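Residue numbers (our numbering): 20 to 159.
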Amino acid sequence: MAEKTLLLIKPDGVARGLIDTIIKRVEAAGLKVETKKQITLTGEQAAELYRPHLGKQFYPGLVKFISSGPVMACIVSGEQAISRLRALMGDTDPLAAERGTIRGDLKEMAVINEDGIIKNLVHGSDSLESAAREMPIFFK
Ligand code: DAT
Ligand code: MG
């Protein structure tokens, strides 16, 4: 099924100059970047993005990190775009992410920030429901 999903290049990826590198990888895998926009999330946008994690011990740090600097928000489309983008991203923990994945190949030496948050460069919606909730946070 043709799908649309949200890709975010997180503040660590933008700060490290990896926007083009990451977008090229997504496109090389046969997915299409329909539109993109660089923004710094408001607290409200960050809270909505990470609403499923509300109540977890790392939630406050997560919201702080994602709004700590500009992100590149992208709508990515293609057949099975949601699962294909997730596979391309690799494991949540960059140290566990396989070679050939964005998180595995582009990780930095220290993958945990000062608040205990895993820095892993990218966010991708994990389901049709998540994509439907997350895309409008960035694209009206
Ligand atoms: P993913 O981004 O792979 O969908 P997730 O939705 O479980 O992973 O978590 C959202 C982000 O929160 C994740 O990209 C990095 C951070 N994170 C997840 N689990 C964490 C933990 N146990 N400690 C610190 N940060 C964590
Ligand atoms: Mg997630």
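A virtual CB, placed ideally from N, CA and C, is assigned to each residue, including glycine.
Note that the structure is a prediction, hence the values are computed from the model and not measured.
Close beta carbons around residue i, own chain, < 7 Å, minus the five adjacent residues each side
{"i": "Thr24", "result": "Val95, Ala100, Ile101, Leu104, Gly143, Ser144, Ala150"}
{"i": "Lys29", "result": "Ile85, Val90, Leu140, Val141, His142"}
{"i": "Ala65", "result": "Val82, Ile85, Ser86"}
{"i": "Gly123", "result": "Gly109, Pro113, Ala116, Glu117"}
{"i": "Ala48", "result": "Arg103, Leu107"}
Burial state of residue i (16 or more Cβ within 10 Å)
{"i": "Gly119", "result": "exposed"}
{"i": "Lys126", "result": "buried"}
{"i": "Glu153", "result": "buried"}
{"i": "Gly32", "result": "buried"}
{"i": "Ile156", "result": "buried"}
{"i": "Ile121", "result": "buried"}
{"i": "Ala116", "result": "buried"}
Distance CB(residue i)-CB(residue j) smaller than 7 Å
{"i": "Asp134", "j": "Gly88", "result": "no"}
{"i": "Ala34", "j": "Lys56", "result": "no"}
{"i": "Gly97", "j": "Leu50", "result": "yes"}
Cut-off 6 Å between Cβ atoms - residues of its own chain near residue i, not counting five sequence neighbours on either side
{"i": "Glu22", "result": "Ala100, Ile101"}
Neighbourhood of residue i by C-beta distance below 8 Å, restricted to the same chain and skipping five residues each side
{"i": "Val130", "result": "Asp112, Pro113, Leu114, Ile137, Lys138, Asn139"}
{"i": "Met20", "result": "Glu98, Gln99"}
Any chain D beta carbon closer than 7 Å to residue i
{"i": "Met91", "result": "The displayed structure is made up of one protein chain only, and chain D is not part of it."}
- Are the stretch 100-114 and the stretch 137-144 touching, with three or more C-beta to C-beta distances below 8 Å? yes
- So which residues put a beta carbon under 7 Å from any heavy atom of the ligand MG, going in chain order? His142, Asp145
- If you pair each beta-carbon of the stretch 64-77 with each one of the stretch 33-51, do three or more pairs fall below 8 Å? no
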